[in-house]
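Let me begin by presenting the structure, written as structure tokens, before commenting on it.
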Amino acid sequence: MSGALLIVGCGKMGSALLDGWLNQGRDPNSIHIVEPTEELAVGLRSRQTNVYASFEELPDSLSPSVVLLAVKPQVMEAVVKPYKEYKGAGTVFLSIAAGKTIKFFENILGSDAGIVRTMPNTPAAVGRGITVAYANAPVNAEQKEECQTLLEAVGDVAWIGDEDLMDGVVAVSGSGPAYVFYLTEALAAAGVKAGLPEGLAQQLARATVSGAGELQYQSTEEISQLRINVTSPGGTTAAALEVLMGEDGLQPVMDRAILAAAQRSKDLA
Ligand SMILES: NC(=O)c1ccc[n+]([C@@H]2O[C@H](COP(=O)([O-])OP(=O)(O)OC[C@H]3O[C@@H](n4cnc5c(N)ncnc54)[C@H](OP(=O)(O)O)[C@@H]3O)[C@@H](O)[C@H]2O)c1
307 MSGALLIVGC GKMGSALLDG WLNQGRDPNS IHIVEPTEEL AVGLRSRQTN VYASFEELPD
367 SLSPSVVLLA VKPQVMEAVV KPYKEYKGAG TVFLSIAAGK TIKFFENILG SDAGIVRTMP
427 NTPAAVGRGI TVAYANAPVN AEQKEECQTL LEAVGDVAWI GDEDLMDGVV AVSGSGPAYV
487 FYLTEALAAA GVKAGLPEGL AQQLARATVS GAGELQYQST EEISQLRINV TSPGGTTAAA
547 LEVLMGEDGL QPVMDRAILA AAQRSKDLA
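Now the structure itself:
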């Protein structure tokens with residue numbers, strides 16, 4: 307069974323990737339999943355994938371080309387150990403665990419194991435994530451390509467050549483969706499203070515953030531140009547941007563927020 311994919315932990319993120327792979331047209335029978343939560347396992351079995359409650363149940367003949375490590379970071383060390391058995395030229399370990407470094411995995415699997423460390427984000431659940439990936443030396447070009455294809459199933463992929471950049475990546479795209487949700491909350495709350503009924507303020511804020519997000523996603527123009535396009539001199543947008551872009555506006559707050567997240571990422575690693 308070479309060329310098979312093995313998912314270790316199929317919760318929120320693992321199942322987002324699985325959905326993407328099945329949508330890509332992967333044969334469900336080539337996908338093997340270790341997931342101990344029975345109610346998740348039932349749903350996975352109904353999709354014709356091979357599901358096991360533990361490592362011990364996996365078939366001896368299995369030789370996966372990719373082992374996706376998608377359990378929570380705090381249990382990763384204990385969970386990964388037995389999977390060392392799959393180490394070899396034909397297998398790459400693909401981790402999506404926040405804060406778990408290449409060194410962490412090399413300490414368990416050995417420095418000759420092919421390991422790709424990634425940072426996805428939650429819009430992966432709707433196929434619109436961005437995943438940043440870093441590979442250690444044993445990973446060859448073909449394996450990188452295979453990982454790229456697997457990760458593209460849930461959105462865009464960017465590779466970095468310096469693992470130290472991961473702290474900034476975590477701070478911007480990993481944690482970023484929460485900032486956008488908070489921006490939506492703040493916009494709605496400000497709308498209420500401006501006299502709008504709460505329900506309407508929330509509806510407007512949500513639709514505006516989603517719509518503007520879609521517009522910048524589809525557009526090839528610079529983001530700053532999109533902003534300029536909707537800002538008439540002396541108009542209402544200009545009045546608000548004067549505040550948001552002022553010395554004590556959004557930028558210094560965002561700078562502090564990103565630095566705090568990057569520092570926490572360093573501390574946790
Ligand atoms: N969710 C996100 O937004 C996000 C974003 C970026 C990266 N990530 C990373 O993605 C990884 C998974 O996160 P998640 O949110 O998808 O977590 P999750 O929903 O809790 O999924 C993890 C799954 O792994 C299962 N599991 C526990 N022990 C296992 C074992 N020994 N073998 C196989 N499976 C086991 C868990 O079952 P039990 O619940 O029964 O323990 C759970 O169903 C994490 O490392 C996280 O850092 C997540």
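Residue 307 is where the sequence shown starts when you use this note's numbering, and the numbers rise one by one after that. Just so it is clear, CB atoms sit at the ideal spot from N, CA and C, and this is done for glycine as well.
Q.
Suppose the cutoff is 6 angstroms on Cβ atoms and the five residues either side in sequence are ignored; what does the same chain contact list for residue 394 look like?
A. In its chain, beyond the 5 residues on either side, no residue has a beta carbon closer than 6 angstroms to the beta carbon of residue 394.
Q. What do you reckon, are the CB atoms on residue 497 and residue 511 nearer than 8 angstroms?
A. In terms of Cβ geometry, residue 497 and residue 511 form a close pair [threshold 8 angstroms].
Q) Under 8 angstroms between the Cβ atoms of residue 324 and residue 337? A) Cβ atoms of residue 324 and residue 337: closer than 8 angstroms.
Q.
Excluding the 5 residues flanking residue 406 on each side, which residues of the same chain have their C-beta closer than 6 angstroms to its C-beta?
A. Cβ neighbours of residue 406 beyond the five flanking positions: 379, 382.
Q: Answer yes or no: do residue 430 and residue 461 have a C-beta to C-beta separation smaller than 8 angstroms?
A: Yes, they are a contact pair.
Q: Just list the alpha helix (DSSP H) runs in the segment 359 to 437, keeping only unbroken ones of 4 residues or longer that don't cross its boundaries, in chain order.
A: The DSSP assignment places 379 to 386, 408 to 415 as complete runs of the alpha helix (DSSP H) inside the segment 359 to 437, in order along the chain (cut-off: 4 residues).
(Q) Looking at the strands, I want to know which residues DSSP matches up with residue 464. (A) DSSP output for residue 464 lists 438 as bridge partner(s).
**Q.** Given residue 347 as reference, the closest of 452, 316, 404 once Cα atoms are compared
**A.** Closest by alpha carbon: 316.
Q. Is the Cβ-Cβ distance between residue 334 and residue 360 less than 8 angstroms?
A. For residue 334 and residue 360, no; Cβs fall outside 8 angstroms.
**Q.** Contacts around residue 574, its chain only, beta-carbon distance under 7 angstroms, and the 5 residues preceding and following it disregarded
**A.** Within the same chain, and ignoring the five residues on either side of residue 574 in sequence, the residues whose Cβ sits closer than 7 angstroms to its Cβ are 405.
Q) CB residue 426 to CB residue 402, shorter than 8 angstroms? A) Yes. Within cutoff.
Q: Taking only the alpha-carbon atoms, compute the straight-line gap between residue 495 and residue 557 and give it to the nearest angstrom.
A: If you take the alpha carbons of residue 495 and residue 557, they lie about 20 angstroms apart.
Q. To which residues of the same chain is residue 356 closer than 6 angstroms at the C-beta, ignoring the five residues directly before and after it?
A. Same-chain partners within the cutoff: 338.
Q: Give every residue of the same chain whose Cβ lies closer than 6 angstroms to the Cβ of residue 286, excluding the five residues on either side of it in the sequence, and list them in chain order.
A: The structure shown does not extend to residue 286, since the chain is modelled only from 307 through 575, so no value can be given for it.
(Q) Can you tell me whether residue 311 is buried or exposed? The criterion is at least 16 other CB atoms within 10 Å of its CB, across all chains shown. (A) It is buried - the Cβ of residue 311 has at least 16 other Cβ atoms within 10 Å.
Q. So which of 437, 506, 456 has the shortest CA-CA distance to residue 483?
A. Of the listed residues, the one whose Cα sits closest to residue 483 is 437.
Q: Taking all protein chains shown into account, decide if residue 331 is buried (16 or more other Cβ within 10 angstroms of its Cβ) or exposed.
A: Classification of residue 331: exposed, given that the 10 Å Cβ count is below 16.
Q. Would you report the Cα separation of residue 540 and residue 530, rounded to the nearest angstrom?
A. The straight-line gap separating the alpha-carbon atoms of residue 540 and residue 530 is approximately 18 angstroms.
Q) Would you say residue 427 touches ligand 1, meaning its beta carbon is less than 7 angstroms from a heavy atom? A) At least one heavy atom of ligand 1 lies less than 7 angstroms from the C-beta of residue 427.
Q. Per DSSP, what kind of secondary structure is residue 356 in: helix, strand or coil?
A. DSSP, read as helix, strand or coil, puts residue 356 in strand.
Q | Cβ neighbours of residue 318 in the same chain (closer than 6 angstroms, five flanking residues each side left out) | A | Correct list: empty, nothing qualifies.
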